[in-house]
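Residue numbers (the working numbering): 244 to 649. Think of the CB as a built atom: it goes at the ideal place given N, C-alpha and C, for glycine as much as any other residue.
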């Protein structure tokens, strides 16, 4: 990096750190990343499909099994109202998806036409939405009034039309739904590729309608070697001219330039890399990583019970979260019925294992007397009542140290 570039970078970062955000704006802002699990659960409960929720560049829309929502919302005066607005958008996209209001296959329009079409079809969606979810009408009216007030405030007395795209979203191009494949057992013979050493990882800005482009190996081989140090500019101005990938780790140096890149077009390669530019990725036509899951991937750990030492092994088990792409509602019941004989044998074997003797009181027979029961018996005899003859203590294998979930 040249001296003037280094000085500019230092000054730019200094003023970036000195920026002060409005505390009231921060207090009412709701980020999609914080409530994404709740919204995903709501979307899947409404539709009955494996819906993925992804951050949009602005207002968002829907494609196949993907709901695009704004990355953060601060339009309404309180955080609770902005959270309710997210719920409204999920319900709106659910109704829009049910009515199949989107661009047909083979049709794709510009952003302005997509927003206009979404607004023209909004009355059809809203009528069904308010009928199924009456509470959404108050959220809609409040958000509409707030958008009108913001438009009047920003226009300084001039006539300005409110931006209702936040309420209606936009139409998106057709994306075929994922194939309804049955769940398959895990193939233990699959080979894992070697894990790559990742030194740098940065989060990318949201991108919609991502398309994957195949690498033209012939054009790469025919290209004459040149040195191009402006990698961000090369990536942004890509127009079908293929270059070889050097795999250098310069991601931190190009961080500011990379924030201006739109990741709509991606290239899948198997070349080794040393840095990752991470983005939220959803959809069945493309994949963010073509390799298998390794131990370096993101996982959730939980302890495992060690029976020998009778203690927990901390962070012993790992769960690698993955979005559900296929489903079969009766897969569990089919598996249980198919293996019913095996499960019965397992239950019998587990029932004979690790049964701890437990002292049971007031038994008709046993090895020792129950002092409390004997005292009650003599009290009943003195009161001329029929005594309870269960006056013994017995040892029974009633306390089990194992639990079965099937």
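So what does DSSP say about residue 616, is it helix, strand or coil? The residue given as residue 616 occupies position 373 in the chain shown. Note: residue 616 maps to helix in three-state DSSP.
Using only the alpha-carbon positions, how far apart do residue 611 and residue 631 sit? Taking the first residue of the chain shown as 1, we reach residue 611 at position 368. Taking the first residue of the chain shown as 1, we reach residue 631 at position 388. One C-alpha to the other measures close to 16 Å.
When the Cβ atoms of the region 345-359 are set against those of the region 307-318, are three or more pairs found closer than 8 Å? With a cut-off of 8 Å, the region 307-318 and the region 345-359 do not count as touching, because too few Cβ pairs lie within range.
Taking the alpha helix (DSSP H) that residue 276 falls in, what are its first and last residues? If you number the chain shown from 1, residue 276 lands on position 33. Here the alpha helix (DSSP H) through residue 276 covers 275-290.
Where are the beta strand (DSSP E) runs, 3 residues long or more, that stay fully inside the region 536-615, in chain order? Runs of the beta strand (DSSP E) inside the region 536-615: 543-549, 554-562 and 598-606.
Quick check on the DSSP output: the alpha helix (DSSP H) that includes residue 294 runs from which residue to which? In the chain shown, counting from the first residue as 1, residue 294 sits at position 51. Unbroken run through residue 294: none, as it is neither H nor E.
Tell me the start and end of each unbroken alpha helix (DSSP H) in the region 312-376 that is at least 4 residues and wholly inside, in chain order. You should have 322-341, 354-363 and 365-375.
Give me the DSSP bridge partner(s) of residue 305. Along the chain shown, read from residue 1 onward, the residue named residue 305 stands at position 62. According to DSSP, residue 305 bridges with 310.
Buried/exposed call for residue 349, threshold 16 Cβ in 10 Å: Mapped onto the chain shown, residue 349 falls at position 106. Exposed.
Got a sec? Which residues, its chain only, sit under 7 Å from residue 560 by beta carbon, not counting five neighbours each side? To locate residue 560, count along the chain shown from 1; it is residue 317. 544, 545 and 547, listed in sequence order.
Flag this pair as yes or no: are the beta carbons of residue 365 and residue 411 separated by less than 7 Å? Numbered from its first residue, the chain shown carries residue 365 at position 122. Numbered from its first residue, the chain shown carries residue 411 at position 168. Taking 7 Å as the Cβ cut-off, residue 365 and residue 411 qualify as a contacting pair.
First and last residue of the uninterrupted alpha helix (DSSP H) at residue 626: Translated into the one-based positions of the chain shown, residue 626 becomes position 383. Residue 626 -> no alpha helix (DSSP H), and no H or E assigned at all.
Less than 8 Å between C-beta atoms, sequence neighbours within five positions excluded: which residues of the same chain meet that for residue 600? Taking the first residue of the chain shown as 1, we reach residue 600 at position 357. Correct list, in chain order: 638, 639, 640 and 642.
Does the region 283-303 touch the region 247-257, meaning 3 or more C-beta pairs lie closer than 8 Å? no
N-terminal and C-terminal residue of the alpha helix (DSSP H) that residue 408 is part of: What you label residue 408 is simply residue 165 of the chain shown in a count that begins at 1. Start and end: 408-411.
Pull the bridge partners of residue 639 from the DSSP assignment, please. Mapped onto the chain shown, residue 639 falls at position 396. Beta-bridge pairing links residue 639 to 601.
Is it true that the CB of residue 605 sits closer than 7 Å to the CB of residue 633? In the chain shown, residue 633 corresponds to position 390, counting from 1. In the chain shown, residue 605 corresponds to position 362, counting from 1. Yes, these two residues count as a Cβ contact at 7 Å.
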